[in-house]
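Chemist: Have a look at this one.
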Amino acid sequence: MNSEDRFAHPRYDFRSGFMRGSALELEETTLMHRGSTQLETVPLNAISAVRIAFERDANKIGWAIVLMIVAYAVSAAAAPLAGLADSLATRVRGDGAVSVQDIASIMIATFRGLSAAARLLPTLANLIGVIGIALLAIGLWGRTTLTLTLSAVERHYAVRGRNRRLFDFAEVLSERLAEARS
């Protein structure tokens, strides 16, 4: 925005996310949120406060850390569990008597099955780790949220990431509100 256009009719277009295709337009006495299926008009004198903030999602970051710890624990447990199951299967095979051969076969199959399941744990750990990394990235990416406080409600307009254009729009809106009240 150049300095002449800045106060004419500033506009912020949502280009991604939930509000994609809609726009905030600052008119002389109103703020309009236009979309293909909606139109909301807020008189500037009804806005009691404007807040803009970049926030990281601490909840997603926390879950990401938990998932990465679980992934590490599952990965670390895989080899010892597989080794233990193989060892027990070998012991049963060696010590089994002819009269209990059927029981020994069942136990051997069970321990071999446990061994095979334990060998799948590293794959499970990698999947959990990838999900954790994705959550961490989303949490760190954060969002920029413009909040308008009206008499009885708050309106939130959020976009992913740190968005300088939305900060600029909020600054123009704040200046317009200050001018209207002076």
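Here my numbering is used: the first residue of the sequence shown is 82, the next is one more, and so on. Beta carbons are placed, not taken as given, at the ideal position from N, Cα and C, and that holds for glycine.
(1) Between the Cα of G210 and the Cα atoms of A130, E235 and M149, which residue gives the shortest distance?
(2) Looking at C-beta atoms only, is the number of pairs between the stretch 122-142 and the stretch 150-165 that lie closer than 8 Å three or more?
(3) Is I128 closer than 7 Å to L227 when the C-beta atoms are compared?
(4) Whose C-alpha, out of S186, L105, A157 and L169, is nearest the C-alpha of R200?
(5) Looking at the structure shown, is A233 part of a helix, part of a strand, or coil, going by DSSP?
(6) Hey, would you say L216 sits closer than 7 Å to A145, going by beta carbons?
(7) Quick check: the Cα distance between A261 and G98, rounded to an integer number of angstroms?
(8) Hey, how far is the Cα of A139 from the Cα of R236?
(9) Please name the residue, chosen from R101, L125 and G116, that lies closest to L254 on a Cα-to-Cα basis.
(10) At the level of alpha carbons, what is the spacing between I184 and T171?
(11) Are the CB atoms of G194 and W222 within a distance shorter than 7 Å?
(12) Look up R115 in the DSSP assignment and give the residues it is bridged to.
Modeler: Checking against the coordinates, here is how it stands:
(1) M149
(2) no
(3) no
(4) A157
(5) coil
(6) yes
(7) 32 Å
(8) 22 Å
(9) L125
(10) Between I184 and T171, the alpha-carbon positions lie close to 14 Å from each other.
(11) no
(12) A104 and L120
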